[in-house]
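Protein chains in written order, with our numbering: chain A, 533 to 882; chain B, 2 to 92. Read the structure below first, then the notes.
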Amino acid sequence: MIVDRAGSPTDLLEVDDDADLIEVLASLGWGDGLPVVAPTPERVEAMLAGCSGHDPEEVVATLPPRFGQATRLAIAVNAVMAGCLPDHLPVLVSAVRALAHTDLNLRGVNATTHCVAPLLVVHGEVVRSAGYHGGLGAFGPGSRANATTGRALRLILLHVAGATPGDGDASTQGGPAKYGFCVAENLEASPWTGYAASVGVDAPSAVTIHCGEAPHNVHDMESSDPTGILDKVASAMATTAQNNACISQGEYLVALCPEHAATCADAGWSRGDVASYLFQRARLPVGELKQAFGHRAWAPWMQALQDGDAAPMTGHPDNIRIMVVGGAGRHSSVIPSWGMTRSVTIPIEP
Amino acid sequence: MQIHPPTGATSTPPASLAPTPAVLAGRRIGILDNRKPNAGLLLARLAERLAARTGAEVTLVQTKNAAIPCEDQVLGRLVEEVELVLTGTAD
């Protein structure tokens, strides 16, 4: 059994070889309830080879609400527990760096009663080199890279950031995306430039963190033009049953499947055209929104609209983020953000 | 078997609480409402009771949004106007 509880990853714990590691961790308030790989010194050292040449003790980010220091060593320990490979470590280190960006508002994301979870999207060369999956079933099971990196990010939030349910995470119902939420952009099947480049990040590989709900499906097998597809996407966006409805800075991540994206691109629509159309079409009457929300964090120009006006679901077309995810078939998805958060895209750097 | 703890060390907290005054009578008290739907209701009632029971001068202040840190100008106003701040949240 445990003979000592240490806080720093450099202070090793002694555990019986035949102990049930899930139970040992749970007794210390650690783990996500699933089996873990024991983070032995040998495994952690092997994991750190993914960031060779970089100081394991360097603090990559300090994560609220616990204000835990996410060193590469601490990140590697959680990566081992989740089942990651060393090739996944630079992605995870970059994701942690993105989590700490001021725009993302991690303190609010972790502390809210909403079900929000950080979605990690992987872009560029690392998708192929480290085995990330953006094709058929990309949001689901089957990819070790997606599953373990997403899970490792959640373990870091639990252990380092202190986002434990009931303590550092007040989410009323929680959500399945809080176990692990990682996907790759399907750039090979995208008719447009890569998402990271579209937001000004010109790097071989990059990560995006978008803090939102679990994906909401949009099914369209019928439409041969963009408007039929995008009107359904707009319909999924235009509801009072989400935080963005009362927060004008709120973002939507619209993950178009390759076939829906191709229908848009074949008609000559750019990514910006798609966002502009959705901005125009995803609207609700101002009076309905005022009735639903006593307090609205709207931009001044939205506050000035009259009850009969149709208010956009977000304050600017740029808040509607478009990327291509998935494989064959005609299902896309909408991922509304938590609201008081901005997505962050940064290059992958170990 | 030896394992690494997964937690990471913690940084020094960015601030600490001031000592709590033993007596509220005659104090200037600030009530900080984070604008959660029922926070104003709860805190306004608290302010009324405090003023009635202690004779304290109570100032009610609202933040812009519960999801983001309190604005510097609101904190600055509290620093200038009150000696003690009570806050709470209520969905």
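Backbone N, C-alpha and C define an ideal beta-carbon position, used for all residues, glycine too. The structure presented is a predicted model; accordingly, all values stated were derived computationally and were not measured.
So if DSSP puts residue i in a beta bridge, which residue, or which two residues, is it bridged to?
i              : result
residue 784(A) : 852(A) and 868(A)
residue 89(B)  : 34(B)
residue 742(A) : 651(A)
residue 701(A) : 697(A)
residue 61(B)  : 32(B)
residue 842(A) : 817(A)
residue 595(A) : 600(A)
Using the Cα positions of residue i and residue j, report the straight-line distance between them to the nearest angstrom.
i              : j              : result
residue 552(A) : residue 870(A) : 37 Å
residue 862(A) : residue 756(A) : 11 Å
residue 779(A) : residue 570(A) : 43 Å
residue 83(B)  : residue 747(A) : 46 Å
residue 578(A) : residue 618(A) : 7 Å
residue 75(B)  : residue 81(B)  : 10 Å
residue 705(A) : residue 647(A) : 7 Å
residue 880(A) : residue 735(A) : 8 Å
residue 562(A) : residue 643(A) : 18 Å
residue 712(A) : residue 678(A) : 8 Å
residue 34(B)  : residue 44(B)  : 7 Å
residue 573(A) : residue 542(A) : 9 Å
residue 674(A) : residue 831(A) : 42 Å
residue 882(A) : residue 554(A) : 29 Å
residue 771(A) : residue 630(A) : 29 Å
residue 812(A) : residue 661(A) : 39 Å
residue 585(A) : residue 600(A) : 23 Å
residue 656(A) : residue 627(A) : 14 Å
residue 46(B)  : residue 745(A) : 35 Å
residue 582(A) : residue 620(A) : 7 Å
residue 575(A) : residue 612(A) : 7 Å
residue 21(B)  : residue 28(B)  : 12 Å
residue 538(A) : residue 691(A) : Any answer about residue 538(A) is weak, because its pLDDT of 45 lies below 50 and its placement is not dependable; what the coordinates show is given next. Computed Cα separation, rounded: 13 Å.
residue 540(A) : residue 680(A) : 23 Å
residue 65(B)  : residue 720(A) : 43 Å
residue 726(A) : residue 60(B)  : 52 Å
residue 729(A) : residue 739(A) : 11 Å
residue 696(A) : residue 801(A) : 44 Å
residue 566(A) : residue 595(A) : 23 Å
residue 550(A) : residue 588(A) : 29 Å
residue 557(A) : residue 847(A) : 44 Å
residue 616(A) : residue 715(A) : 15 Å
residue 718(A) : residue 669(A) : 11 Å
residue 789(A) : residue 859(A) : 7 Å
Who are the Cβ neighbours of residue i in its own chain at under 7 Å, not counting the five residues just before and after it?
i              : result
residue 590(A) : 603 and 604
residue 10(B)  : none
residue 508(A) : Residue 508(A) lies beyond the residue range present for chain A, which begins at 533 and ends at 882; the question has no answer from this structure.
residue 637(A) : 872 and 873
residue 38(B)  : 92
residue 733(A) : 877, 878 and 879
residue 883(A) : Outside the displayed span of chain A (533 to 882) sits residue 883(A), for which this structure offers no information.
residue 793(A) : 722, 723 and 856
residue 4(B)   : none
Between residue i and the rest of its own chain, which residues show a CB-CB distance below 6 Å, the 5 nearest in sequence each way excluded?
i              : result
residue 87(B)  : 32
residue 7(B)   : none
residue 55(B)  : 25 and 26
residue 809(A) : 762
residue 41(B)  : 34
residue 824(A) : 772
residue 764(A) : 750 and 752
residue 828(A) : 778
Give the C-beta separation of residue i and residue j to the nearest angstrom, bearing in mind that I take them to be a contact with Cβ-Cβ under 8 Å.
i              : j              : result
residue 623(A) : residue 658(A) : 6 Å
residue 742(A) : residue 783(A) : 7 Å
residue 803(A) : residue 854(A) : 5 Å
residue 685(A) : residue 708(A) : So it is not a contact: roughly 15 Å between Cβ atoms.
residue 666(A) : residue 857(A) : 6 Å
residue 787(A) : residue 864(A) : 6 Å
Beta-carbon of residue i versus every beta-carbon of chain E: anything under 7 Å?
i              : result
residue 865(A) : Absent from the structure is chain E; the protein chains it does hold are A and B.
Which residues in the same chain as residue i place their Cβ atom closer than 8 Å to its Cβ, once the five residues preceding and following it in sequence are excluded?
i              : result
residue 795(A) : 755, 756, 757, 758 and 761
residue 73(B)  : none
Using Cβ-Cβ distances below 9 Å, what residues of the segment 676–688 of chain A are close to chain B? Listed in sequence order: 687 and 688.
Please identify, using Cβ separations under 7 Å, the residues of the segment 688–704 of chain A that lie next to chain B, in order along the chain. 691 and 692: these are the residues of the segment 688–704 of chain A whose beta carbon lies less than 7 Å from some beta carbon of chain B, given in chain order.
Between the segment 32–53 of chain B and chain A, which residues of the former have CB atoms less than 7 Å from a CB of the latter, in chain order? Answer in chain order: 36 and 38.
Residues of the segment 562–577 of chain A in Cβ contact with chain B at a cutoff of 7 Å, in chain order, please. Cβ contacts with chain B come from 562, 570, 571, 572, 573 and 576.
Contact list for the segment 52–77 of chain B against chain A, Cβ threshold 9 Å: For the segment 52–77 of chain B, the beta-carbon criterion of a distance under 9 Å to any beta-carbon of chain A is satisfied by 65, 66, 67, 68, 69 and 70.
Against chain B, which members of the segment 815–836 of chain A pass a CB distance test of less than 7 Å? Within the segment 815–836 of chain A, those residues whose Cβ lies closer than 7 Å to any Cβ of chain B are, in chain order, 826, 827 and 829.
Check distances from the C-beta atoms of the segment 594–623 of chain A to those of chain B and list, in chain order, the residues that come in under 7 Å. Those residues of the segment 594–623 of chain A that come within reach of chain B (Cβ to Cβ, closer than 7 Å) are 594, 598, 599, 600, 601, 602, 603, 606, 609, 610 and 613.
For the segment 2–15 of chain B, which residues have a beta carbon sitting closer than 9 Å to at least one beta carbon of chain A? The residues in question are 2, 3, 4, 5, 6, 7, 8, 9, 10, 11, 12, 13, 14 and 15.
The segment 868–880 of chain A: positions lying closer than 9 Å to chain B by Cβ: Flagged, chain order: 870, 871, 872 and 873.
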